[in-house]
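Read in my numbering, the sequence shown has 205 at position 217, and its numbers run on one by one without any break.
Positions of the beta carbon are idealized from the N, C-alpha and C atoms, including for glycine.
Treat the numbers as computed from the prediction; the structure is a model and nothing was measured.
I have placed the structure first, in the form of structure tokens, so that the comments after it can refer back to it.
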Amino acid sequence: MVRERVDVAGHPYEIVIGPAVLARTGTFLQELGVTCSSKHLIVTDTNVERTGHLEKVTSSLTELGYTYDVHVIPAGEESKSLARAGEAFEAAYRAGLDRRSVVLALGGGVVGDFAGFIAATYMRGVDFVQLPTTLLAHDSAVGGKVAVNLPHAKNMIGAFHQPLAVLYDTDALKTLPVRELRSGLAEAIKHGLIRDAELFAWIMERVEAILRVEDDVMSELLARSCRIKAEVVSADERENGVRAILNFGHTLGHAVESLMEYEYTHGESVAIGMVAAADLSVQLGLCAPELSSVVEQAVAKAGLPTRIPAQLSTEDLLAAMRQDKKATGGTLTFVLLTGIGRVDIVKQVPEDAVREVIARRKG
Ligand SMILES: NC(=O)c1ccc[n+]([C@@H]2O[C@H](COP(=O)([O-])OP(=O)(O)OC[C@H]3O[C@@H](n4cnc5c(N)ncnc54)[C@H](O)[C@@H]3O)[C@@H](O)[C@H]2O)c1
Ligand SMILES: O=C(O)C(=O)C[C@@H](O)[C@H](O)[C@H](O)COP(=O)(O)O
Ligand SMILES: [Zn+2]
-11 MVRERVDVAG HPYEIVIGPA VLARTGTFLQ ELGVTCSSKH LIVTDTNVER
39 TGHLEKVTSS LTELGYTYDV HVIPAGEESK SLARAGEAFE AAYRAGLDRR
89 SVVLALGGGV VGDFAGFIAA TYMRGVDFVQ LPTTLLAHDS AVGGKVAVNL
139 PHAKNMIGAF HQPLAVLYDT DALKTLPVRE LRSGLAEAIK HGLIRDAELF
189 AWIMERVEAI LRVEDDVMSE LLARSCRIKA EVVSADEREN GVRAILNFGH
239 TLGHAVESLM EYEYTHGESV AIGMVAAADL SVQLGLCAPE LSSVVEQAVA
289 KAGLPTRIPA QLSTEDLLAA MRQDKKATGG TLTFVLLTGI GRVDIVKQVP
339 EDAVREVIAR RKG
């Protein structure tokens, strides 16, 4: 079992990574001081409900005298909506949650972001615990960004609300479809590219082992990627500065993801965005020309898409990117590569340069 610490001021917490973690959820809650006197709410989705992981959590809670309701949302990004949030608030009310209740988010990034948003706002905020079940969730479960989407814009309604703990059961990843493993790999590659050249090289040598969900490789991948995320978030919880580097590949990625109406997963969209951002970095003279192909080959090796879908119009992409949360005054902000493991946050990126990259990368 590996433990990493997220050192956010006022509410530090641990990430516990290892096998058979979900079956010990109740014990972890006891260690965290969670009361048995209040009712708790497990939020999960329709796919995770079918995997058997939910029963591990419920048995463990029941055994230790915890009471809870289970709220199941339809699997998929469309559930990150205000309408679904309204239903979850009603479920929390019906369950009789009080201020000492805890929301347990059992699932991938969709469930984590959604349940975290419910926890951040119900009764002006109750505690929550992340129980991530996807590879991608090594990123989403850590750092306290919780949100739902507007119909055409990602994560627009949300909060910073840190979990009490992240309890990451590596066994849960064994039921994950390969497309979702690849999708999660995109964010791990991102962590290497922005902060750790050695991690990037390590991942590239182990893509097949990761896709086979080999225990040791997966535990090390999660621990190293979570450590990077934890370090960045600990340095800048509210994204006043350095935290924006975690958005590498997301300026274009979020635009692709929402304009394609979630036909591409988050990781696939970020993969496309990272390739375009690397190209833009070269175009603006920020890094050596070969870095663009290094990133493109890495994304392709992970079995992720590299090209911007041809049907998307450049002007629609630009309009979406002007509304990105990093943008100010209608100008574009990108996280750009200066080397492998190094990035800069670049404001007021010329739109013509972005148009050229989009033209080169489409199709
Ligand atoms: N808050 C953050 O910092 C942050 C960071 C990265 C991504 N995100 C968000 O995370 C979301 C993407 O997360 P995701 O890729 O985990 O997507 P997801 O939650 O939709 O999970 C992917 C798919 O796998 C299924 N699934 C989950 N766990 C499973 C398991 N163990 N076995 C079988 N199937 C399982 C889900 O039902 C879903 O169909 C996006 O909404 C993205 O914006 C947030
Ligand atoms: O934690 C962060 O900060 C990130 O940017 C991580 C991203 O991978 C993640 O997709 C996040 O939800 C994006 O945040 P947003 O502020 O651009 O919506
Ligand atoms: Zn992301």
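Can you tell me which of the three DSSP states residue i falls into?
i	result
L272	coil
R38	coil
Y81	helix
Q285	helix
A135	strand
K27	strand
L292	coil
E225	coil
L155	strand
D359	The structure shown does not extend to residue 359, since the chain is modelled only from -11 to 351, so the question has no answer here.
F322	strand
E(-8)	strand
V60	strand
K350	strand
D86	coil
G327	strand
T46	helix
T109	helix
T55	strand
T253	coil
Which residues mark the beginning and the end of the alpha helix (DSSP H) in which residue i is found?
i	result
G14	T13 to E19
L181	V166 to R183
L306	T302 to R310
T121	T121 -> no alpha helix (DSSP H), and no H or E assigned at all.
A243	H238 to L247
Between residue i and residue j, which are expected to be in contact by the criterion C-beta below 8 Å, what is the C-beta distance as a whole number of angstroms?
i	j	result
L247	D204	At roughly 39 Å, the Cβ-Cβ gap does not stay under 8 Å, so L247 and D204 are not in contact.
T121	V(-4)	Actually they do not touch by this definition, with Cβ atoms about 23 Å apart.
R349	D267	6 Å
G261	H238	6 Å
I61	A80	At roughly 13 Å, the Cβ-Cβ gap does not stay under 8 Å, so I61 and A80 are not in contact.
I198	M192	About 10 Å; that fails the 8 Å criterion.
A176	I328	Rounded, the Cβ-Cβ distance is 14 Å, inconsistent with contact.
V99	V114	The pair is not a contact, with the Cβ atoms about 16 Å apart (cut-off 8 Å).
M111	R87	6 Å
V6	V(-10)	In the sequence on display, residue 6 carries Gly and not Val. About 6 Å; that satisfies the 8 Å criterion.
R212	L187	5 Å
Name the two residues that bound the continuous beta strand (DSSP E) containing residue i.
i	result
D332	R330 to V337
L92	V90 to G95
M144	A141 to F148
G6	Y1 to G6
Would you mind working out which of the options sits nearest residue i, comparing C-alpha positions?
i	options	result
A73	L119, G273 and A135	A135
S171	S48, D127 and E186	D127
A298	G351, L49 and A63	G351
V195	A288, V114 and Y250	A288
T158	L169, T316 and P151	L169
S281	H242, V270 and A176	V270
G132	A141, A147, V91 and L124	A147
V117	R38, G(-2), E43 and L29	L29
Y1	A290, P7 and E(-8)	E(-8)
Q336	T163, D312 and I145	D312
L325	D86, S48, L138 and P277	P277
G40	L152, I296, E284 and T163	T163
I233	H179, E202 and D57	H179
V334	V91, T316 and A243	T316
A264	Q285, E219, T253 and Q150	Q285
L161	L124, M144, V221 and V22	L124
E339	L306, V323, D332 and K314	L306
N143	G241, K44 and E219	G241
L300	A347, K314, V283 and R310	A347
A153	R310, L94, V345 and E65	L94
T32	Y54, S26 and L42	L42
A103	K68, V130 and H140	K68
A11	T34, E65, K44 and H(-1)	K44
K27	Y56, R38, V201 and G273	Y56
I216	E249, R226, L181 and Y250	L181
Checklist entry - In chain order, what residues place their C-beta within less than 6 Å of a heavy atom belonging to ligand 3? => result D127, E175, H238, H254 and V258
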